[in-house]
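Written as structure tokens, this is what we have:
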């Protein structure tokens with residue numbers, strides 16, 4: 020499903036994959052987030068860290084009944100960070116960014132923490 024917007028200039032269609040990519044880029048800007056995890060993961064109980072090109076595979080975008088979007092994000096956080104704070108920051112940043120860039124009202128950003136990784140400082 021796509022986001023459809025009509026203007027006096029014409030029709031604009033934004034695919035869910037584009038929305039997921041924008042959400043992923045916005046989320047990666049948050050402190051304490053290591054990366055996205057695959058939605059279809061849990062091979063041997065290990066969360067797979069997705070590369071930059073595959074961030075949208077860790078994000079699911081759904082339209083609800085009221086013309087609003089719900090986003091599920093599967094993330095991996097850095098060891099030593101407060102998980103609830105990282106999740107809250109991701110929710111806030113994603114909602115704000117999608118509102119500003121796409122004009123999209125997001126009703127919910129659901130965060131699923133799939134793992135914790137030790138982040139090396141280089």
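In this note's numbering, the protein residues as written are 20 to 141.
Glycine included, C-beta positions come from ideal geometry on N, C-alpha and C.
(message) Taking 8 Å as the threshold (C-beta atoms), are residue 46 and residue 96 in contact?
(response) Here residue 96 refers to the residue found at position 77 when the chain shown is read from its first residue. Here residue 46 refers to the residue found at position 27 when the chain shown is read from its first residue. Not a contact, by the Cβ cut-off of 8 Å.
(request) Starting from residue 117, trace the beta strand (DSSP E) both ways and give me its first and last residue. (result) Locating residue 117 in the chain shown gives position 98, where the first residue counts as 1. Element bounds for residue 117: not the beta strand (DSSP E) but the alpha helix (DSSP H), 102 to 120.
(message) Please list the terminal residues of the continuous beta strand (DSSP E) segment that includes residue 129.
(response) Within the chain shown, residue 129 is the residue found at index 110, counting from 1. Counting along the chain, the beta strand (DSSP E) containing residue 129 begins and ends at 125 to 136.
(request) Following the continuous beta strand (DSSP E) through residue 82, name the residue where it begins and the one where it ends. (result) On the chain shown, residue 82 is found 63 positions in, with the first residue counted as 1. Bounds of the beta strand (DSSP E) holding residue 82 are 78 to 82.
(request) May I ask you to report which of helix, strand or coil DSSP gives residue 97? (result) One-based indexing of the chain shown puts residue 97 at position 78. Secondary structure of residue 97 (DSSP, three-state): strand.
(request) Helix, strand or coil for residue 87, going by three-state DSSP, please let me know. (result) Here residue 87 refers to the residue found at position 68 when the chain shown is read from its first residue. In this structure, residue 87 counts as coil in the three-state DSSP scheme.
(request) Over the uninterrupted alpha helix (DSSP H) stretch that includes residue 43, give me the two end residues. (result) By 1-based counting over the chain shown, the position of residue 43 is 24. Counting along the chain, the alpha helix (DSSP H) containing residue 43 begins and ends at 35 to 46.
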